[in-house]
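Numbering-wise, this note's numbering puts 325 at position 138 of the sequence shown, and it's gapless, one number per residue. All C-beta atoms in this analysis are idealised placements derived from N, C-alpha and C, irrespective of residue type, glycine included. Take a look at the structure below.
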Amino acid sequence: MFVSVVLPCYNGAATLAVMLDSLVRQTYEGDWELVFVNNGSTDNSVEMAMSYADRLPVRVVQAYIGHGPQGTVGHSYTVGFRAAKGDVILVCESDDECDPDWMRHMVKALETCEFAVPALEYEKLNPPTMTWGKDRGLQARAEGLSDVVGPLHLPFAACNAIGMTRACYQKVGDPTDWIGTAWDVDYSWRVQLAGMQLTFVPEALVHYRLRETAETRFRQARAWGKGHVCLLYTSPSPRD
């Protein structure tokens, strides 16, 4: 299967090389493309991505038209998904790192399922004082999928590294961009309400980078909180 990897980015130059290097090391032997979605970066993120053109099949698409407000991360994913040409669509983000076998395991899973979810690992990119032990944490190998967010309490995926078939995307549609950072919970629920399952693929591993300072952790938590309020008032009932 031809694979599209969608990587949204806004001013990610400080960590982007780690992700790009990990994509260079992928063991998947099929054809694929990297859709780099630039959401108005003012650093050298785009130049950095294009410097890998001799090692990665990268093309840049623009999520920001240069004036007016910038879109949310959901908008960036919408632009990337629409630009993707693959039979399957995989997602990664500029501040994480994919294990060399991530793509291979994800594609293999998507041969028999519609929506695949990798395991997250927290120790490699973060200091020991910020982690919970080997294979522990949200969506880690020992934890699996989480279902703690209301109101539906269905399992959901942290969508920084998920994968789906084109048929799944065509059935579910674009992310709900105005929900903000909780778009992944919303999208996971919409996949299940459309009659498909989330398939946890523990063999596929993504190293997740936690926010390092109190200020950045506060901003992230505040954004999640706002998104979850939107989920509470807008998500459909499983009976709908």
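Residues bridged to residue i (per DSSP)
{"i": "L194", "result": "F223"}
{"i": "G350", "result": "L277, A303"}
{"i": "C285", "result": "V393"}
{"i": "E308", "result": "H394"}
{"i": "T386", "result": "A303"}
{"i": "V165", "result": "In this structure the chain extends from 188 to 427, so residue 165 is not present and cannot be described."}
{"i": "F343", "result": "S333"}
Whole-angstrom distance between residue j and residue i, CA atom to CA atom
{"i": "P425", "j": "M235", "result": "Confidence at P425 is low in this model, with a pLDDT of 44, below 50, so the placement of that residue is unreliable and no value is reported for it."}
{"i": "F302", "j": "D286", "result": "19 Å"}
{"i": "E402", "j": "M188", "result": "42 Å"}
{"i": "S232", "j": "N198", "result": "6 Å"}
{"i": "M293", "j": "S228", "result": "29 Å"}
{"i": "L325", "j": "S209", "result": "22 Å"}
{"i": "T202", "j": "Y239", "result": "15 Å"}
{"i": "A391", "j": "T214", "result": "12 Å"}
{"i": "H254", "j": "W319", "result": "42 Å"}
{"i": "M290", "j": "E308", "result": "16 Å"}
{"i": "K321", "j": "E310", "result": "7 Å"}
{"i": "Q379", "j": "P342", "result": "9 Å"}
{"i": "W376", "j": "D334", "result": "10 Å"}
{"i": "T386", "j": "R323", "result": "19 Å"}
{"i": "Q384", "j": "F268", "result": "20 Å"}
{"i": "D427", "j": "A381", "result": "Reliability fails at D427, whose pLDDT of 42 lies under 50, so the model's placement of it is uncertain and the value that follows must be treated cautiously. Distance between the alpha carbons of D427 and A381 is about 11 Å."}
{"i": "L312", "j": "D288", "result": "18 Å"}
{"i": "V372", "j": "E280", "result": "17 Å"}
{"i": "I252", "j": "W370", "result": "22 Å"}
CA nearest to the CA of residue i, picked from the options
{"i": "H340", "options": "Q249, L194, L418", "result": "L418"}
{"i": "V245", "options": "N231, G253, G255, V211", "result": "V211"}
{"i": "P314", "options": "G227, S228, N226, L397", "result": "L397"}
{"i": "A348", "options": "V393, G324, T229, Y239", "result": "V393"}
{"i": "A204", "options": "T316, R242, S375", "result": "R242"}
{"i": "D361", "options": "V190, S238, Y264, V388", "result": "Y264"}
{"i": "N226", "options": "S333, Q384, V248", "result": "V248"}
{"i": "L440", "options": "A306, Y374, V378, T202", "result": "Given a span of 188 to 427 for the chain in the structure shown, any question on residue 440 remains unanswerable."}
{"i": "V266", "options": "V372, S191, T316, E399", "result": "S191"}
{"i": "E399", "options": "G382, M317, F268, S281", "result": "M317"}
{"i": "A327", "options": "M237, Y395, D288", "result": "Y395"}
For residue j and residue i, believed in contact at Cβ under 8 Å, the rounded distance
{"i": "V275", "j": "V224", "result": "The Cβ separation is near 17 Å, so there is no contact."}
{"i": "V304", "j": "A329", "result": "With a Cβ gap of about 15 Å, V304 and A329 do not count as contacting."}
{"i": "V278", "j": "C346", "result": "6 Å"}
{"i": "D230", "j": "A200", "result": "4 Å"}
{"i": "D429", "j": "M351", "result": "A query on residue 429 cannot be resolved here, the shown segment of the chain reaching from 188 to 427 and no further."}
{"i": "Y374", "j": "V359", "result": "7 Å"}
(message) Using a Cβ distance threshold of 8 Å, determine whether the segment 358 to 369 contacts the segment 255 to 264, with at least three qualifying pairs required.
(response) yes
(message) Is it the case that the segment 265 to 285 contacts the segment 210 to 229, given that we only count it when at least three CB pairs across the two stretches are under 8 Å?
(response) yes
(request) Determine contact between the segment 286 to 298 and the segment 347 to 356, defined as no fewer than three beta-carbon pairs at a distance below 8 Å. (result) yes
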